[in-house]
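A short worksheet on the structure shown next.
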Amino acid sequence: MSGNERLRRRLTDFVKAEAADKGFDLCRIARPDAIPQAPARLAEFITAGHHGSMAWMEETQARRADPRVLWSEVRSIVLFGMNYGPDHDPRAVLAQTDRAAISVYAQNRDYHDLIKGRLKEVATRFAARGGADVKVFVDTAPVMEKPLAAAAGLGWQGKHTNLVSREYGSWLFLGSLFTTAELIFDEAERDHCGSCRACLDACPTAAFPALYQLDARRCISYLTIEHKGPIDRELRPLIGNRIYGCDDCLAACPWNKFAATASEMKLAAREDLKAPQIADLLTLDDPGFRTFFSGSPVKRIGRNRFVRNLLIAAGNSGDRTLIAPCRALADDPAPEVRAMVAWALSRLMTAGEFRDFAAGRQPDADTDVRAEYEAAGEADRP
Ligand code: B12
Ligand code: SF4
Ligand code: SF4
């Protein structure tokens, strides 16, 4: 073994040991040129409009598609996985229509802060040891984390497009460390989906136009978290009580049976976020929302979009006790809230009750809200 190879081996062992020490469950290394199909597939996704209103995907396309465009000096990419396996079946809450379903990843503190913090610790020690430059990324940077993680062998991209691991199933957060150091590359993982299509069949909104492809515009995760405008009327009933993200395709994967519960205590679910009452959450004003979701990723969408999502869940609940808390929001300052009050009440009230309620109101100043009242009044109901 040459001196150069010995150094590569030492640095590779060092970064993997540091990763384990900082609580990462998986750590493997990819070449910067390891994802040759990614640029064309990303281009296809964007050309088809599957990114919806996430304009940042389009703006960062060149850098995202190729790590060497993001940082020309990168020589090795270290991929990290942290298991966030739940200790309960996240689908159980979907049958409790008076409750709100928050996706597993958002049931405790924001994973971005946790993982970024740990990655920075690894990066600092690695840079001091190897004298190389480093950059760390989690989620928000223009890095295609899933194909890179698959190339490094953390798992494979399942038909639901997420990375699946033989040890942790679908429940892995990803992060990366780019470095100018030459490390020893790992082998890619092969696809273990076989003829299974459980994730595709589990999707409530039929968001997969083809195997291994997602149309984000139909995905509940996109609709409840990323999408700011009104949600299509025909998609609203399919959202059920999912108010922040969705886990259905992940939870359906048979590889989860090998998954362990998250060992990182900071990723364990907050009890009060496992199945909160819709009625309670509807009463949150802006300060109340910020306090309740302090440190949580849910805070990111702001109180108005959050209440918009809750009103859709209320409208889907069939629970007439939610009429009063929905009515209480009819004059909310946020038009997206007032608009969804119209939709929710039109679903919870009888046609006569809704007609009387709507007739007793001044026409709304906002055109979208007026349109909701008109559409709701015309809906075919008892
Ligand atoms: C944009 C985004 C979203 C969007 C779009 C999702 C998507 N699938 O693209 C929305 C808002 C919908 C979303 C939702 C979710 N997200 Co998200 N998201 C991202 C983000 C920022 C970029 C993903 C991206 O580049 N998409 C562009 C598409 C083109 O790339 P792709 O998904 O890799 O698509 C590949 C396949 O389509 C494949 N392909 C295409 N054709 C074919 C054909 C064959 C034969 C094969 C084999 C493959 C193949 O090639 C493409 C390129 O590699 C990443 C973080 C990051 N920086 O990478 C997190 C990330 C993917 N999200 C994550 C999570 C956890 C979620 C949710 C589970 C959250 C939730 N519970 O609500 C859902 C899951 C929904 C789903 N089924 O994908 C995790 C996934 C972890 C993992 N184990 O994979 C990531 C990696 C964040 C992180 N750091 O942990 N997300
Ligand atoms: S997260 Fe939910 S809505 Fe999105 S693709 Fe998966 S099952 Fe479908
Ligand atoms: S549910 Fe089946 S098809 Fe989907 S990712 Fe898991 S193994 Fe692959």
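Reading the sequence shown from the start, the letters are residues 4 to 385 in this note's numbering.
Just so you know, even glycine gets a beta-carbon here, dropped at the ideal spot from N, CA and C.
Asked: C-beta contact flag for Tyr215 and Ile105 at 7 angstroms; Found: no
Asked: Start-to-end residues for the alpha helix (DSSP H) that takes in Cys329; Found: Ile326 to Arg330
Asked: Outcome for His91 when other beta-carbon atoms lying within 10 angstroms are tallied against a minimum of 16; Found: exposed
Asked: Arg221 vs Thr208 beta-carbon contact at 7 angstroms; Found: yes
Asked: Same chain, Cβ closer than 6 angstroms to Phe181, five either side skipped, listed in chain order; Found: Trp74, Val77, Ile80 and Lys138
Asked: Inter-stretch contact at 8 angstroms, needing at least 3 Cβ pairs: the stretch 274-283 / the stretch 179-199; Found: no
Asked: Separation of Gly243 from Leu97, as counted between CA atoms; Found: 7 angstroms
Asked: Lys260 beta carbon near ligand 3 (any heavy atom closer than 6 angstroms); Found: no
Asked: C-beta neighbour in chain C for Phe129, strict 7 angstroms; Found: Protein chain content of the structure displayed is limited to a single chain, and chain C is not contained in it.
Asked: Inter-residue spacing [alpha-carbon to alpha-carbon] between Ser5 and Phe309; Found: 58 angstroms
Asked: Secondary structure of Ile49, DSSP reduced to three states; Found: helix
Asked: CB of Pro320 within 7 angstroms of CB of Thr100, strictly; Found: The question names Pro, but residue 320 in the sequence shown is Ser. Contact: yes.
Asked: Local Cβ density within 10 Å of Ile400, reported as buried at 16 or more and exposed below that; Found: No statement about residue 400 is possible, as the shown extent of the chain runs from 4 to 385 and does not include it.
Asked: Simplified DSSP state of Thr353, which is helix, strand or coil; Found: coil
Asked: Any non-hydrogen atom of ligand 1 within 6 angstroms of Lys149 CB; Found: yes
Asked: Residue nearest to Ala126 in terms of C-alpha spacing, selected from Ser224, Asp24 and Ala155; Found: Asp24
Asked: Cut-off 7 angstroms between Cβ atoms - residues of its own chain near Ala154, not counting five sequence neighbours on either side; Found: Ala33, Ala37, Ile38 and Ala191
Asked: Ligand 5 heavy atom lying under 6 angstroms from the CB of Gly84; Found: As presented, the structure is devoid of ligand 5, carrying ligand 1, ligand 2 and ligand 3 as its sole ligands.
Asked: Own chain residues within Cβ distance below 7 angstroms of Asp69, not counting five before or after; Found: Pro42
Asked: Where the beta strand (DSSP E) through Asn86 begins and ends; Found: Ser79 to Asn86
Asked: Unbroken alpha helix (DSSP H) run spanning Gly305, endpoints; Found: Gly305 to Ser320
Asked: Closest by C-alpha distance to Leu226, when choosing among Asn312, Phe17 and Arg94; Found: Asn312
Asked: One or two residues paired with Ala213 in a DSSP bridge; Found: Gln216
Asked: Host beta strand (DSSP E) of Leu203 (start-end); Found: Note, Leu203: premise wrong, no beta strand (DSSP E); alpha helix (DSSP H) at Ala201 to Ala205.
Asked: Near ligand 2: Thr208 beta-carbon under 6 angstroms from a heavy atom; Found: yes
Asked: Status (buried if at least 16 other CB within 10 Å, exposed otherwise) for Ala331; Found: exposed
Asked: Proximity to Ala111 [Cα-Cα], best of Lys302, Lys123 and Gly363; Found: Note on residue identity: the sequence assigns Asn, not Ala, to residue 111. Among Lys302, Lys123 and Gly363, the Cα nearest to that of Asn111 is on Lys302.
Asked: Opposing strand residues paired with Phe129 [DSSP bridges]; Found: DSSP output for Phe129 lists no bridge partner at all.
Asked: Paired residues, beta bridge with Thr182 - DSSP; Found: Ser79 and Val137
Asked: Helix, strand or coil at Trp159 [DSSP, three-state]; Found: strand
Asked: Heavy atom of ligand 1 within 6 angstroms of Ala41 beta-carbon; Found: yes
Asked: Close Cβ partners of Glu375 (< 7 angstroms) along its chain, the five nearest in sequence each way excluded; Found: Ala342, Ala345 and Trp346
Asked: Reference Ala386; option with closest CA among Asp367, Asp322 and Arg245; Found: Residue 386 lies beyond the range of the chain shown here (4 to 385); nothing can be said about it.
Asked: CA-to-CA distance, Ala131 to Asp251, given in whole angstroms; Found: 43 angstroms
Asked: Arg102 (DSSP reduced to helix, strand or coil); Found: strand
Asked: Cβ-heavy atom distance, Cys249 to ligand 3, below 6 angstroms; Found: no
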